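Undergrad: Protein chains in written order, with my numbering: chain A, 1 to 433; chain B, 1001 to 1331. Okay, handing you the structure first.
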Amino acid sequence: MLFTKNAPKEDIVVRGARVIDPGEGVDAVLDVRVDDGVITALGQNLDTNSHRVLDAEGLVLAPAFVDPHVHLRTPGREDEETIASGTAAAAAGGYCAILAMPNTDPVVDSAATLGSLIETARSEAEIPVGFLAAITRGQSGAELTEMGELAAAGAVGFSDDGVPVAAPGLMRRALQYGAVTGRRIALHCEERTLSRDGQMHEGEVSAELGFTGYPSVAESLMVERDLALAAYERQPLHLLHLSAWESVQALRRARAEGLQATAEVTPHHLCLTDEAIRSLDPNLKMNPPLRSESDRTALIEGLKDGTIVAVATDHAPHARHEKEVPFEAAPFGVTGLETAFAALYTHLVEPGLIPLGVVLERMSSGPARAYGLEEPRIAVGAAANLVLLDLNASYRITEETFRSRSVNSWLLGATVKGKVRATIAAGRLAYTA
Amino acid sequence: MAEIRVMREDLRPPTTPPRRHFISIKDVTRDDVERLLATARTLERSMEREVKKLPTLKGRLVINVFYESSTRTSSSFELAAKRLSADTMSIKSSGSSVDKGESLKDTAITLGAYDPDVIVIRHPQIGAPNLVARVTEAHVVNAGDGKHQHPTQALLDLYTMREELGRIEGLHVSIVGDVLHSRVARSLIQALSLMGAQVTLVGPPALLPRGVEAMGCEATTDISVIGGADVVYVLRMQRERMQEGANYVPSLREYAARWGVTPERLRPGQKVMHPGPMNRGVEIDPRVADHADALIETQVRAGLVTRMAVLYDLLTTGPIEVKTESVLEVA
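Right, here's the structure in full:
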């Protein structure tokens, strides 16, 4: 279900890093040897032979990240991102796998479109990439796609991300039929009669600035509906980019009742609130919107206690000229692949809000499990999916920082801590800095 | 004639001031407002002369860019600039390159190439003046950006209240109607609370934005409270900004019956204001609009002198700083 370009596997020894793998219960200074892309030894003073040596003293080596929610804009808006540029950006962000959403032009709703993406990925993807296909044809919410054929053609899951499946009856059919394919259904929860024309979270800041509000109940109402349908059908589901505390509450309750529901949260919803929008910066406009401090606190709590299993960037590249307009005219979405770890490390780990181990787990094995992908592990016999992190590096994020074709990052101009020094994805050294 | 030849000290042409803007009431202090009101007062007295033109801003260029229809604001800015002897140009979105799909950024850069001293902009989208401020070297005056701010309207309203009631501090002002879509209301709430007046918002629930009390006012759906106000400020029902089928109120008829400002709901002597244009018979009863206690024409006159004061102030004195860069500093 993941595709990448054919490249020789590496022989590498990472020497002297603090190796942290929360899943394996490892946190020790070790050497890690990789032979032909597979981890073959962990230990002290490992033989380097003729291997490439990454001197990693003072750095952290962790399982590489998995991003379950990326927009690669291909086909249709290759000026904003391509499979090559998006996967290069992912490699720079420490990712060994990313999943691309199907809301392209045309929408990925046929095996033919999916097949051509897989073909391209096989020739140009710097790291493994998976493709979700649409739940409904053209994401129009009217008819189901041929999910069986799409799954057979390699779809990693199904989503109408960007738009909700509005009709409950059709949503039920999608859950029923999706189960046949064995792939995860991922839902963008938004009740559009409540969010319509909404530019930002409805609250004190929107009241003052005059923006049309997008209330949190527009999300949580749909979350409740989809959880109820999934419970009725006894089917798993994945909730995309949660933003509201009511949604976290509903999910926690449903999971306690035994529902196989997973969810993701973005770095920007974990780090920012609607207060930031006072700057009127279009790079703070996204859907769902930044919400209040109590929502942010609930998201952090949910990520910590495992109600939310994954961090997802919702990397949404937009052309410069489309964001250089007044806030209301700007499209929704911000980039995130290359800044996710630094954002979380700076805003959550350093201030002591979330332990480093939890962030590493939710960026790696959490999202992999949610989609039934192989979890990156640091263990003998596992494929080498590793990220080397410099927790002490402090740097300013500028447009030149990015490998993505777009620069609509909410962190432009900010100084952050925590830098990716190297990424090994599927046994290949995909990035070094 | 003679008195104009000898220029008064406080009306002398400016030396080069630091670059400032007037985009939001949030960006000004009480001292700034006092200074602007005092300048407006001085300018109003000068308007009593037979020849009303002052040489103060001779050689300056003021460009008015209006992306939305306007009678009062555009005419008063144009006249204000002319009365101060500035050169003026007025650009409307229809008939300009905006019709050809030119972006606001490119239009602003084009106009900026003429080195204007001031760009006055009205735009249907929040934050448009900030964008113009970022890409040009001009002082930017916000003449209304979407539902966000209309700071010169708030200034002229303060001026009107002080002229008519002698004070602003301690006044009780009821703002009635469509607060949700009103940039006038947002600027006025902030301006009145800055100057120590008490504000109560009155309107149908869906037109009172959730969380608006945090701006420093009260909010109620009960129209009877307007009887206790010194000033009843009536907002226009902004039908053009309302989404199709949003059902903010069941009908204008029902709105008028429940929230219309009628003589029966007022006490004698209460002052009534409206930013115009009015929907007579909807938010305001025609008998109220035409009554002597209505200050609507006074507001229009105040608009001219307060806008002259703003242009004068930007090009001469006083700090009205606004941050136009939106750099997020990470802790």
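Glycine included, every Cβ here is placed at the ideal spot set by N, Cα and C. Fair warning: this is a prediction, and the values are worked out from it, not measured in the lab.
(1) Could you tell me the boundaries of the alpha helix (DSSP H) in which Gln436 of chain A lies?
(2) How is the beta strand (DSSP E) around Cys96 of chain A delimited, first residue to last?
(3) Check each residue of the segment 201-226 of chain A: if its Cβ is closer than 9 Å to any Cβ of chain B, include it; give the result in chain order.
(4) Val292 of chain A and Asp281 of chain A look like a contact to me (Cβ under 8 Å); what is the Cβ gap, rounded to whole Å?
(5) Could you list which residues in chain B have their beta carbon closer than 7 Å to that of Pro329 of chain A, in chain order?
(6) Can you list the residues of chain A that Ser1103 of chain B reaches, using a CB-CB cut of under 8 Å?
(7) Based on DSSP bridge pairs, tell me the residues matched to Ala1413 of chain B.
(8) Indicate the three-state DSSP secondary structure (helix, strand or coil) for Gly203 of chain A in the structure shown.
(9) Closer than 8 Å, CB to CB, is Val946 of chain B near chain A or not?
(10) Tell me the rounded alpha-carbon separation between Thr146 of chain A and Phe65 of chain A.
(11) Roughly how many whole angstroms lie between the Cα atoms of Gly182 of chain A and Leu150 of chain A?
(12) Buried or exposed: Gly372 of chain A, going by 16 or more other Cβ atoms within 10 Å of its Cβ?
(13) Please report the Cβ distance between Gly154 of chain A and Met286 of chain A, rounded to the nearest whole angstrom; I am assuming they are in contact, meaning their Cβ atoms lie under 8 Å.
(14) Would you list the residues sitting across from Gly406 of chain A in a DSSP beta bridge?
(15) Pull up the distance between the alpha-carbon of Ser1326 of chain B and that of Ile1175 of chain B, whole angstroms please.
(16) Hey, quick one: how far does the beta strand (DSSP E) through Phe65 of chain A stretch, first residue to last?
(17) Taking only three categories from DSSP, how would you classify Val1282 of chain B?
(18) Measure the C-alpha to C-alpha separation of Gln1125 of chain B and Ile277 of chain A and round it to an integer number of angstroms.
(19) According to DSSP, is Asn1064 of chain B part of a helix, a strand, or is it coil?
(20) What does DSSP give as the partner residues of Asn1142 of chain B in its beta bridges?
(21) For Val1065 of chain B, which option in B:Ala1257, B:Ser1075 and B:Tyr1312 has the closest C-alpha, if you only look at C-alpha atoms?
(22) As a quick exercise: from B:Asp1293, B:Val1282, B:Arg1041 and B:Ile1119, pick the residue whose alpha carbon is nearest that of Arg1134 of chain B.
(23) Counting Cβ pairs, one atom from each stretch, are 3 or more of them under 8 Å apart for the segment 15-23 of chain A and the segment 370-390 of chain A?
(24) Any Cβ of chain A within less than 8 Å of the Cβ of Glu1321 of chain B?
(25) Hey, quick one: how far does the beta strand (DSSP E) through Asp1157 of chain B stretch, first residue to last?
(26) Need the endpoints of the alpha helix (DSSP H) that Glu124 of chain A sits in, please.
(27) Starting from the N-terminal side, write out each stretch of the beta strand (DSSP E) that is 3 residues or longer and does not extend beyond the segment 250-311 of chain A.
(28) Put Asp161 of chain A into one of helix, strand or coil per three-state DSSP.
(29) For Ile424 of chain A, does the count of other Cβ atoms within 10 angstroms reach 16, so buried, or fall short, so exposed?
(30) Check the C-beta distance from Arg137 of chain A over to Asp109 of chain A and give it rounded, since I have them as a contact under 8 Å.
(31) Judging by CA-CA distance, which residue of A:Gly366, A:Arg320, A:Arg396 and A:Thr4 is the nearest neighbour of Thr346 of chain A?
(32) Would Leu280 of chain A count as contacting chain B if we go by Cβ distances under 8 Å?
(33) Taking C-beta pairs closer than 9 Å, name the residues in chain B that Arg196 of chain A reaches, listed in chain order.
(34) Against chain A, with Cβ distances strictly below 8 Å, would Leu1131 of chain B count as a contact?
(35) Considering Asn1130 of chain B, what are the terminal residues of the alpha helix (DSSP H) in which it resides?
(36) Within its chain, find whatever has a CB closer than 6 Å to the CB of Val29 of chain A; leave out the 5 residues flanking it on each side and keep chain order.
TA: From the atom records:
(1) Outside the modelled stretch of chain A, which goes from 1 to 433, sits residue 436 of chain A, for which no answer is possible.
(2) Tyr95 to Ala100
(3) Glu202, Gly203, Glu204, Val205, Ser206, Ala207, Glu208, Leu209, Gly210, Phe211, Thr212, Gly213 and Pro215
(4) Checking the sequence shown, residue 292 of chain A turns out to be Ser, not Val. With 8 Å as the limit, Ser292 of chain A and Asp281 of chain A do not qualify as a contact, their Cβ atoms being about 18 Å apart.
(5) Position check: residue 329 of chain A holds Ala in this sequence, whereas Pro was assumed. Per Cβ cutoff of 7 Å: Gln1125.
(6) His321, Glu324 and Val325
(7) The displayed coordinates of chain B run from 1001 to 1331. Any statement about residue 1413 of chain B would go beyond what the structure contains.
(8) coil
(9) Summary: the structure shown does not reach residue 946 of chain B, with chain B confined to residues 1001 through 1331, and so no result is reported for it.
(10) Before going further, note that residue 146 of chain A is Glu rather than Thr in the sequence given. If you take the alpha carbons of Glu146 of chain A and Phe65 of chain A, they lie about 31 Å apart.
(11) 12 Å
(12) exposed
(13) At roughly 29 Å, the Cβ-Cβ gap does not stay under 8 Å, so Gly154 of chain A and Met286 of chain A are not in contact.
(14) The sequence as given places Ser at residue 406 of chain A; Gly does not occur at that position. Its beta-bridge partners do not exist; DSSP assigns none.
(15) Note that Ser1326 of chain B scores a pLDDT of 39, beneath 50, so its modelled location is shaky; the value from the coordinates is reported in the next line. Their backbone Cα atoms lie some 32 Å apart in a straight line.
(16) Phe65 to Val70
(17) coil
(18) 15 Å
(19) strand
(20) B:Ile1121
(21) B:Ser1075
(22) B:Ile1119
(23) yes
(24) Because Glu1321 of chain B carries a pLDDT of 42, less than 50, the predicted location of this residue cannot be relied on, and the following value inherits that uncertainty. By this cut-off, Glu1321 of chain B is not an interface position.
(25) Premise fails: Asp1157 of chain B lies in the alpha helix (DSSP H), Pro1151 to Leu1165, not in any beta strand (DSSP E).
(26) Ala111 to Glu124
(27) 261-265
(28) coil
(29) buried
(30) 5 Å
(31) A:Arg396
(32) yes
(33) Gln1243 and Ala1246
(34) yes
(35) Ala1128 to Val1135
(36) Arg18
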